[in-house]
Amino acid sequence: MTNSKAAIIPNLSILIITYNEEQNISELLETLSFADEIIVVDSYSTDATFKIAKNYPQVKVLQHPFENYAAQRNFAISQAKNKWILFLDADERLSDQLINEIKEITYRKTTYRGYYCYRTFMFENNKLHFSGWQTDKSIRLFKKKDSYYNPEKTVHEKLIIKGAIGKLKNKLTHYTYKDYNSYKAKMIRYGKLKAIEEYNKGTKPFFFHYYLRPVFQFFNNYFFRLGILDGKKGLTICYLNALSVWIRFQELKMIKK
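One point on numbering: in our numbering, the residue at position 44 of the sequence shown is 36, and numbering is uninterrupted.
What follows is the structure, given as C-alpha cells:
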C-alpha cells in the first residue's frame, strides 16, 4: 500500500476517468493524498463509482458524457489547475518509489515535457511477464501546457506533446485482469470503439481484416512475443486480445452497411 502520509506535491493534478469502477476506485483514491489536486471524471457509471468517489472530500468528482477516450481525457485536462498532470486508471497502483520519483521530477527544473511510464501487468494476482505487454509504455506524467490527446485516436489514445519526452524508472502496477468476463467485456468495448476509428480513417474491410488480422494478433502475442511462457494466463490474454481485433472489423462491417 502506498504511503498515505507522503508530502503533498503542490503542482500536481492527478486525473482519473471512470466508468463502472466501483471495485477499484476506493482503493486507488486511498493512495493519492500526496497530490494537490485529484479529479475523477465519470462517464455516468451505472454502478456506485460516482457515489464512492464523492465520499472523498479532497477529490473533485465530475460527470461528463463519454464520446471516446481521447475526448474524455482532454476534458479532464481542461479541468486541471496545476502545471503537471498525472493520468491514472482506476485499476492502477503506484509504489512509494514511483511517487518519490514523480515528486523529484515535479520539483526540479527539467527539459522534458512528459515522461513515459512502463507498467507491470497483473493477471488476477499473478504477474504477466510476456504476452505482448513486456514493452508497453505510455506518457502518464506531463506538463499541462500545449498537451492534448489526438482526437483521431479514440482507443489507446496518443498524447501530443511539444518537446522532449523522458522515461520514469519505476513502473505502475496495472491489475488488468480480475476475471474472464470483465476482461472480455473490456476487449469487446475496445473493439467497437476501434471500429469507429477505422471507419473515420476510411478503412475498407475485407477477408484479410475479418480473419487474418485476428489470427496474426494471436500468433504474434502468443508465440513471437512469448505469451506461451505465461502459461494458461498468457493463452487467455492473447485469445481475448485477438477477439478484440475480430470484433473491431465485424463491427466496422456493420457500420458500413
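The C-beta atom is built at its ideal place from N, Cα and C for all residues, glycine as well.
Predicted model only: the values in this text are computed from it and were never measured.
- Gly158 carries a strand assignment under DSSP once its states are collapsed to helix, strand and coil.
- Under DSSP, Tyr140 takes part in a beta bridge, and its partners are Ile152.
- In chain order, Asn162 place their CB closer than 6 Å to the CB of Leu90, counting only its own chain and leaving out the 5 sequence neighbours on each side.
- Between Lys136 and the set Glu13, Glu19, Lys73 and Glu14, the nearest pair of CA atoms involves Lys73.
- In the structure shown, Arg100 falls within a coil segment according to DSSP collapsed to helix, strand and coil.
- Nearest to His121 by C-alpha distance, out of Gln55, Asp222, Ile188 and Thr103, is Asp222.
- Put simply, the backbone Cα of Ser139 is about 7 Å away from that of Leu151.
- Residue pairing by DSSP leaves Val207 without any beta bridge partner.
- Annotated three-state conformation of Trp238 is helix, per DSSP.
- The three-state reading of DSSP puts Tyr48 in coil, since its state is none of H, G, I, E or B.
- With respect to the C-alpha of Trp76, the residue from Arg85, Ala40 and Leu7 having the closest C-alpha is Leu7.
- Contact between Asn192 and Glu149 does not hold, since their C-beta atoms are separated by about 14 Å, which reaches or exceeds 8 Å.
- The continuous stretches of beta strand (DSSP E) do not include Asn213, and DSSP gives it neither H nor E.
- Under the three-state reduction of DSSP, Asn3 is assigned to strand.
- With a contact defined as Cβ atoms closer than 8 Å, Arg85 and Lys154 miss out at about 30 Å.
- Cβ neighbours of Met114 within its own chain (closer than 6 Å, five residues either side excluded): Tyr167.
- Secondary structure of His121 (DSSP, three-state): coil.
- Shown here for Tyr214: same chain residues with a beta carbon closer than 6 Å to its own, the five before and five after excluded, namely Ile220 and Cys230 in chain order.
- Taking 9 Å as the cut-off, the Cβ atoms of Ile131 and Tyr108 count as close.
- Here the alpha carbon of Pro206 sits roughly 9 Å from the alpha carbon of Phe241.
- According to DSSP, Met114 shares a beta bridge with Lys119.
- Between Leu235 and Gly183, the CB-CB gap stays under 9 Å.
- Residue burial is scored here from C-beta neighbours: Leu204 has fewer than 16 other C-beta atoms within 10 angstroms and is therefore classed as exposed.
- A Cβ-Cβ distance of about 5 Å is found for the pair Val32 and Ala45, placing them in contact under the 8 Å criterion.
- Ser5 places its beta carbon 9 Å or farther from that of Leu54.
- By the beta-carbon neighbour count (other beta carbons within 10 angstroms, threshold 16), Ala177 is exposed.
- Contact between Thr112 and Ala156 does not hold, since their C-beta atoms are separated by about 25 Å, which reaches or exceeds 8 Å.
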